[in-house]
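**Student:** Sequences listed follow chains A and B, in order. For the first sequence, our numbering assigns the number 3 to the initial residue and increments by one for each residue that follows. For the second sequence, our numbering assigns the number 3 to the initial residue and increments by one for each residue that follows. Beta carbons are placed, not taken as given, at the ideal position from N, Cα and C, and that holds for glycine. Mind having a look at this structure? Questions to follow.
Protein chains: 2
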Amino acid sequence: MKENRRSFVKKVALSSLFLPFGLPTNLGLGAIPKERKLRVALVGLGRYATRLAQGIALSQHCEVAGIVTGTPSKIPKWREKYDISENSVYNYENFDEIINNKAIDVVYVVLPNGMHKEYAIRAARAGKHVIVEKPMAITAAECEEIIAECNKAGVQLAVGYRLHFEPFNMEMMRLGREKVYGPVRHVEAALGYNTSGIDRNDWHLNAKLSGGGCLQNLGVYCIQGARYVTGEEPIAVTAQLAPVIHKDVFTEVEESIHWQMEFPSGATATCSASSAYPFDRLLASADKGIFELSPAISYGPFQGRTRGSETKSFEFPMTHHQQVQMDEMAKYLLNDKPFPSHISGEEGLKDMKVIDAAYKAAKTGKRVEIV
Amino acid sequence: MKENRRSFVKKVALSSLFLPFGLPTNLGLGAIPKERKLRVALVGLGRYATRLAQGIALSQHCEVAGIVTGTPSKIPKWREKYDISENSVYNYENFDEIINNKAIDVVYVVLPNGMHKEYAIRAARAGKHVIVEKPMAITAAECEEIIAECNKAGVQLAVGYRLHFEPFNMEMMRLGREKVYGPVRHVEAALGYNTSGIDRNDWHLNAKLSGGGCLQNLGVYCIQGARYVTGEEPIAVTAQLAPVIHKDVFTEVEESIHWQMEFPSGATATCSASSAYPFDRLLASADKGIFELSPAISYGPFQGRTRGSETKSFEFPMTHHQQVQMDEMAKYLLNDKPFPSHISGEEGLKDMKVIDAAYKAAKTGKRVEIV
Numbered sequence: 003m004k005e006n007r008r009s010f011v012k013k014v015a016l017s018s019l020f021l022p023f024g025l026p027t028n029l030g031l032g033a034i035p036k037e038r039k040l041r042v043a044l045v046g047l048g049r050y051a052t053r054l055a056q057g058i059a060l061s062q063h064c065e066v067a068g069i070v071t072g073t074p075s076k077i078p079k080w081r082e083k084y085d086i087s088e089n090s091v092y093n094y095e096n097f098d099e100i101i102n103n104k105a106i107d108v109v110y111v112v113l114p115n116g117m118h119k120e121y122a123i124r125a126a127r128a129g130k131h132v133i134v135e136k137p138m139a140i141t142a143a144e145c146e147e148i149i150a151e152c153n154k155a156g157v158q159l160a161v162g163y164r165l166h167f168e169p170f171n172m173e174m175m176r177l178g179r180e181k182v183y184g185p186v187r188h189v190e191a192a193l194g195y196n197t198s199g200i201d202r203n204d205w206h207l208n209a210k211l212s213g214g215g216c217l218q219n220l221g222v223y224c225i226q227g228a229r230y231v232t233g234e235e236p237i238a239v240t241a242q243l244a245p246v247i248h249k250d251v252f253t254e255v256e257e258s259i260h261w262q263m264e265f266p267s268g269a270t271a272t273c274s275a276s277s278a279y280p281f282d283r284l285l286a287s288a289d290k291g292i293f294e295l296s297p298a299i300s301y302g303p304f305q306g307r308t309r310g311s312e313t314k315s316f317e318f319p320m321t322h323h324q325q326v327q328m329d330e331m332a333k334y335l336l337n338d339k340p341f342p343s344h345i346s347g348e349e350g351l352k353d354m355k356v357i358d359a360a361y362k363a364a365k366t367g368k369r370v371e372i373v
Numbered sequence: 003m004k005e006n007r008r009s010f011v012k013k014v015a016l017s018s019l020f021l022p023f024g025l026p027t028n029l030g031l032g033a034i035p036k037e038r039k040l041r042v043a044l045v046g047l048g049r050y051a052t053r054l055a056q057g058i059a060l061s062q063h064c065e066v067a068g069i070v071t072g073t074p075s076k077i078p079k080w081r082e083k084y085d086i087s088e089n090s091v092y093n094y095e096n097f098d099e100i101i102n103n104k105a106i107d108v109v110y111v112v113l114p115n116g117m118h119k120e121y122a123i124r125a126a127r128a129g130k131h132v133i134v135e136k137p138m139a140i141t142a143a144e145c146e147e148i149i150a151e152c153n154k155a156g157v158q159l160a161v162g163y164r165l166h167f168e169p170f171n172m173e174m175m176r177l178g179r180e181k182v183y184g185p186v187r188h189v190e191a192a193l194g195y196n197t198s199g200i201d202r203n204d205w206h207l208n209a210k211l212s213g214g215g216c217l218q219n220l221g222v223y224c225i226q227g228a229r230y231v232t233g234e235e236p237i238a239v240t241a242q243l244a245p246v247i248h249k250d251v252f253t254e255v256e257e258s259i260h261w262q263m264e265f266p267s268g269a270t271a272t273c274s275a276s277s278a279y280p281f282d283r284l285l286a287s288a289d290k291g292i293f294e295l296s297p298a299i300s301y302g303p304f305q306g307r308t309r310g311s312e313t314k315s316f317e318f319p320m321t322h323h324q325q326v327q328m329d330e331m332a333k334y335l336l337n338d339k340p341f342p343s344h345i346s347g348e349e350g351l352k353d354m355k356v357i358d359a360a361y362k363a364a365k366t367g368k369r370v371e372i373v
C-alpha cells in the first residue's frame, strides 16, 4: 500500500499550492510576467464576493480591478478598499460597456445562480474571460449555452471550484485516484448548515434566483467530491427530498435532500445536503481501507484520517481557498493557456447534469440515468 | 446546551454497565442471589458463539451450561473449556429433550439467521427462556411467530442487541434522546467489511441460511442506531442495491446496499451496509450540532466526537460487549422480571419490518411504507 505522504507534501510544496504567501509557481506554464496582474471584475457584491475579493487581495497574481453592482451605496467602500477606478464600476444596465474597458481581463460572476447564465454570456460577448461561481448555472441546458457563447466569443471559461486547489481535498483525490487503498468502492459526501434563521428575502430561498435549494448550493460540492475521489462520472442517480422541517422558511426550494449515485466501475456514492442541520464530510471506502475528511468542504479547519491496517490522521496547512484558487487560475489566463478540464465549464456542466437528474429522481421517485 | 458528561459517567458507573469487572448491579430489580448463575445453552458453535461464550465466561452472573451442535468433533473442547456436563450436550435432532434438563435456564440461538425461528420456537416449547442473536430471523413474519410461541409457552424472549449495553452507543442514545444538541434531524449509519475473500461455503453467502446479505447481518445495526438515537420508528424506506463488485462471490445475497429511512418527526436516516468495503460509523445531526462514533459498531476501539459550538471527543472504557450484555440480561431472568422493550422480541420485529421494507424498496425501486 503506497501511502507516501511525504512525497505528496513535497510535490505540492514545490508547486506552492498551499503556501499562503508562496513563491510564484508556473505549473509548467512558463514564467508569469512579474509586472502583470490578472485584472478581475466581480459581478455581484454579496457575501461570497466579499470573501473572494479578500482572496484576490491576498493573491500574488490578481487584483480586484472592477465591480458590477445593482446597489450604488456599496460602491464607495469597494472602490476605496480595492483602489478601483471610477471607469471600472458598472451596474447591471451598463455592464455591457465593459467591452470597451481594457483594464479588465476577466469577469467573475458571483450573482445568484439564476443570474449566472445571463451575466456569463454578457461578459463573453464583451470579450472578457469568464469565471462563474459554482453552481455554474441552474440547469445543464444553461451551462451548455454559456459554454457555447464563450467558445463563440473565443474567451476562456472556468467555474470557481476552490477545492481543486485545497491540499486536504487534493490528498483525497490522490488517495482515490492512485488507489492507495485499492479501488474506491463507495463515497459518502455531505454538507449542511442550519440556516433556518436566514433572512426570508435571501436569494437562496427564492426558486427563480437560486434554481433550487441546498442541492444546488451545497450538494454540488458533494457531487464534485464523489467525482474527484473516484475519477469517474456518475451514470445514474436516485434521490429523496427530506420532509421539510421549517415549513415557513423553505417554501420554494428544498430544505434537505439525500441522493445516491452509481459509477461505471460499480462504485456508488451516498450524498446529503441540508439547510436545516449541519454536516461537512467526505469519506471514501476502498478495498483496503477508508480515507476521510471531516470537516471537508467548509472553511475547516479540515481534518483528514485514513484507516487501513492502522488509523492515521493527515494534516496540511489551511489555506485561504480563494487566494490559492485565483493565483492558480491567473497562471493560465496570464500565460494564455487553456484552463485545465477540472475547473472548466465542461466540469460545471457535468455537475449540473447530476443535479438535473437528482431533481428529476427526487420528483419521480425513480432512478434516473445521466446521459 | 446540556452536555454533562460527568453526570452520565457517574450514572453509568453507578449501574456498573461498563465496568469489565464491575460490582453486581440491580437496575432496581432487587438483589441477585449470590449463589445463583444464569445457565445458558448455546445453540450453534460458530464464530460468534465462540465470542459469546468468552463473554459469558467473563460475566458475573452467567455460565455456559449447555451446547447444541451438529458437529460432534467440537464437543470435547467446548465441554472441557466451559466444564459442561455430558447431560447438557445436544445435537439438532435431540435438542427438544432439553425440556427435561433442569440445569439450563435459557437457550441462546446463535445459528445462521434462517434457522433462528425453528430453534427459538423449539426452545420455547421446551420451556426455556430464549435469546436470539440478531437479526432475530429473516422476515417480520418469522419474528411474529417466535414472539407468539414464546408468549404461548410463557417464556421470555430477547434479541442479542449488545450495543444497548455499550457505553459509547449509550452516550449516542442519550445525546439524541435528551436533545442535547436539539432535535435529531438526520442519522447516518454504515457498517461494512471487505469479506470478498470469504469461504464460499460460509452460510452468510447462502440465501436460505442467511435470509439475505449484508442488510440482514450488518444493516440491522444501522437500523438499530437510527432508531435508538432518534427514539423514533421509521415510517418509510427507499433502498438501492449497489452493483455487485465480486460477482463470483455474492451470487445469492446482496453484496452492498444503501437505504434511507423517514421518521414521523421528519427526521431521516441514510444507511449503508457492505460486504465488499469497510465502514463503521454512526452520526447524528441535530439543530445545534453533530455527534458521532467512528468506529461505532464493530469492536472498536470506538471514538466519539461532538461538534457543537466547539469540537470535543468523548471516551469511555471499552467493554467486552457480550460479557456486559449477558450480565445485564441475567439480572432480568434471575429476578423473574420481563426483559425491557429495547432488547425484546418486539424490538427485533421492528428492525425486521424495516429490513423487509428495504428489500422490497430495493427490488421495486419504490418508497415502501412500514406498517
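#1: Between K130 (chain B) and Q324 (chain B), what straight-line distance do the alpha-carbon atoms span, to the nearest angstrom?
#2: Can you tell me whether T366 (chain B) is helix, strand or coil according to DSSP?
#3: Can we say the segment 198 to 215 of chain A touches the segment 109 to 118 of chain A, given the rule of at least three CB pairs closer than 8 Å?
#4: Put G72 (chain A) into one of helix, strand or coil per three-state DSSP.
#5: Name, please, each residue of chain B whose Cβ falls closer than 9 Å to the Cβ of T232 (chain A).
#6: Tell me where the beta strand (DSSP E) around S276 (chain B) begins and ends.
#7: Between the beta-carbon of V161 (chain A) and the beta-carbon of E330 (chain A), is there less than 7 Å?
#8: Under the DSSP definition of a beta bridge, which residues are partnered with T313 (chain B)?
#9: Please go through the same chain and pick out, in chain order, the residues whose beta-carbon is closer than 7 Å to the beta-carbon of L379 (chain A), but skip the five residues on each side of it.
#10: Taking the straight line between their C-alpha atoms, what separation do you get for Y84 (chain A) and A59 (chain A)?
#11: Could you list which residues in chain B have their beta carbon closer than 7 Å to that of E264 (chain A), in chain order?
#12: With a threshold of 7 Å between beta-carbons, can H322 (chain B) be considered close to chain A, or not?
#13: With 7 Å set as the bound, which would you pick, yes or no: does the beta-carbon of V66 (chain A) sit closer than that to a beta-carbon of chain B?
#14: Using a C-beta to C-beta distance shorter than 9 Å, which residues of chain A count as neighbours of H188 (chain B)?
#15: Please confirm if S287 (chain B) has its CB atom under 7 Å from at least one CB of chain A.
#16: Roughly how far, in whole angstroms, is the beta-carbon of I149 (chain A) from the beta-carbon of Q218 (chain A), given that I think they are within contact range, below 8 Å?
#17: Report the CB separation of G178 (chain B) from A286 (chain B) in whole angstroms; it is logged as a contact under 8 Å.
#18: Below 8 Å, how does it come out for the segment 350 to 359 of chain A and the segment 190 to 206 of chain A: are there three or more Cβ pairs, yes or no?
#19: How big is the Cα-Cα spacing for P169 (chain B) and K290 (chain B)?
#20: What is the DSSP secondary structure of N93 (chain A), counted as helix, strand or coil?
#21: Give the residues of chain A in contact with R369 (chain B), contact being defined as C-beta atoms less than 9 Å apart.
#22: When the Cα of P74 (chain B) is compared with those of B:Y92, B:T52, B:Q62, B:S258, which residue comes out closest?
#23: Apply the 10 Å Cβ neighbour rule to E235 (chain B) and answer buried if 16 or more other Cβ atoms are within range, or exposed otherwise.
#24: Is the CB of T1 (chain B) under 7 Å away from at least one CB in chain A?
#25: Under 8 Å by Cβ, that's how I've got A228 (chain A) and C273 (chain A) pegged, so tell me the actual separation to the nearest angstrom.
#26: Distance, Cα to Cα, G208 (chain A) vs K365 (chain B)?
#27: So that I know if they touch, is there some Cβ in chain A lying closer than 7 Å to that of I200 (chain B)?
#28: May I have the straight-line CA-CA distance separating L336 (chain B) from F316 (chain A), to the nearest angstrom?
#29: Enumerate, from N- to C-terminal direction, the unbroken alpha helix (DSSP H) stretches of 4 or more residues contained entirely within the segment 41 to 71 of chain B.
**Tutor:** Judging by the given coordinates:
#1: Walking along the second sequence from the start, residue 130 (chain B) turns up at place 128. Walking along the second sequence from the start, residue 324 (chain B) turns up at place 322. Rounded to whole angstroms, the separation of the alpha carbons of Q324 (chain B) and K130 (chain B) is 20 Å.
#2: Along the second sequence, one-based indexing puts residue 366 (chain B) at 364. Reduced to three states, the DSSP call for T366 (chain B) is helix.
#3: Touching, yes.
#4: For the purposes of this step, residue 72 (chain A) is taken as residue 70 along the first sequence, with counting starting at 1. Three-state DSSP puts G72 (chain A) in coil, outside helix and strand.
#5: Start at 1 with the first residue of the first sequence, and residue 232 (chain A) comes out as number 230. Result: empty, since nearest Cβ-Cβ is about 13 Å, beyond 9 Å.
#6: Position 274 of the second sequence, counting from 1, holds the residue named residue 276 (chain B). Per DSSP, the continuous beta strand (DSSP E) segment holding S276 (chain B) begins and ends at 270 to 276.
#7: Locating residue 161 (chain A) in the first sequence gives position 159, where the first residue counts as 1. Locating residue 330 (chain A) in the first sequence gives position 328, where the first residue counts as 1. Taking a C-beta distance under 7 Å as the contact criterion, V161 (chain A) and E330 (chain A) do not qualify as a contact pair.
#8: Translated into the one-based positions of the second sequence, residue 313 (chain B) becomes position 311. Its beta-bridge partners are B:R309.
#9: Nothing in the structure corresponds to residue 379 (chain A), since chain A is present only between 3 and 373.
#10: Taking the first residue of the first sequence as 1, we reach residue 84 (chain A) at position 82. Taking the first residue of the first sequence as 1, we reach residue 59 (chain A) at position 57. Their Cα atoms are separated by approximately 8 Å.
#11: Walking along the first sequence from the start, residue 264 (chain A) turns up at place 262. Correct list: P245.
#12: On the second sequence, residue 322 (chain B) is found 320 positions in, with the first residue counted as 1. Chain A contact via Cβ: absent.
#13: Position 64 of the first sequence holds residue 66 (chain A). Chain B contact via Cβ: absent.
#14: The residue given as residue 188 (chain B) occupies position 186 in the second sequence. Result: A192, G194, A244, S258, H260, S274, S276, A278, Y279, F281.
#15: Counting from 1 along the second sequence, the entry for residue 287 (chain B) is found at position 285. Yes, its Cβ sits closer than 7 Å to a Cβ of chain A.
#16: Along the first sequence, read from residue 1 onward, the residue named residue 149 (chain A) stands at position 147. Along the first sequence, read from residue 1 onward, the residue named residue 218 (chain A) stands at position 216. Rounded to whole angstroms, the Cβ separation of I149 (chain A) and Q218 (chain A) is 18 Å, and the two are not in contact under 8 Å.
#17: If you number the second sequence from 1, residue 178 (chain B) lands on position 176. If you number the second sequence from 1, residue 286 (chain B) lands on position 284. That belief holds up - the Cβ atoms of G178 (chain B) and A286 (chain B) are roughly 5 Å apart, short of 8 Å.
#18: Because the criterion of three Cβ pairs below 8 Å is not met, the segment 350 to 359 of chain A and the segment 190 to 206 of chain A do not touch.
#19: Locating residue 169 (chain B) in the second sequence gives position 167, counting from the first residue. Locating residue 290 (chain B) in the second sequence gives position 288, counting from the first residue. Each residue's alpha carbon lies about 23 Å from the other.
#20: The sequence position of residue 93 (chain A) within the first sequence is 91, counting from 1. DSSP places N93 (chain A) in the coil class of the three-state scheme, outside both helix and strand.
#21: Sequence index remark: in the second sequence, residue 369 (chain B) carries index 367 (1-based). The contacting residues are Q242, G367.
#22: Here residue 74 (chain B) corresponds to residue number 72 of the second sequence, with the count starting at 1. For P74 (chain B), the closest alpha carbon among the candidates B:Y92, B:T52, B:Q62, B:S258 is that of B:Y92.
#23: Here residue 235 (chain B) corresponds to residue number 233 of the second sequence, with the count starting at 1. So E235 (chain B) ends up on the exposed side.
#24: The structure shown does not extend to residue 1 (chain B), since chain B is modelled only from 3 to 373, so the question has no answer here.
#25: Translated into the one-based positions of the first sequence, residue 228 (chain A) becomes position 226. Translated into the one-based positions of the first sequence, residue 273 (chain A) becomes position 271. Confirmed, about 7 Å.
#26: For the purposes of this step, residue 208 (chain A) is identified with residue 206 of the first sequence, where counting begins at 1. For the purposes of this step, residue 365 (chain B) is identified with residue 363 of the second sequence, where counting begins at 1. Per the sequence presented here, residue 208 (chain A) reads as Asn, with Gly not at that position. Going by the C-alpha atoms only, they are around 37 Å apart.
#27: If you number the second sequence from 1, residue 200 (chain B) lands on position 198. Contact with chain A is absent for I200 (chain B), since none of that chain's Cβ atoms lies less than 7 Å from the residue's Cβ.
#28: The residue labelled residue 336 (chain B) in the question sits at position 334 within the second sequence. The residue labelled residue 316 (chain A) in the question sits at position 314 within the first sequence. L336 (chain B) and F316 (chain A): Cα-Cα distance of roughly 50 Å.
#29: With a minimum length of 4 residues, the continuous alpha helix (DSSP H) runs that stay inside the segment 41 to 71 of chain B are 49 to 60.
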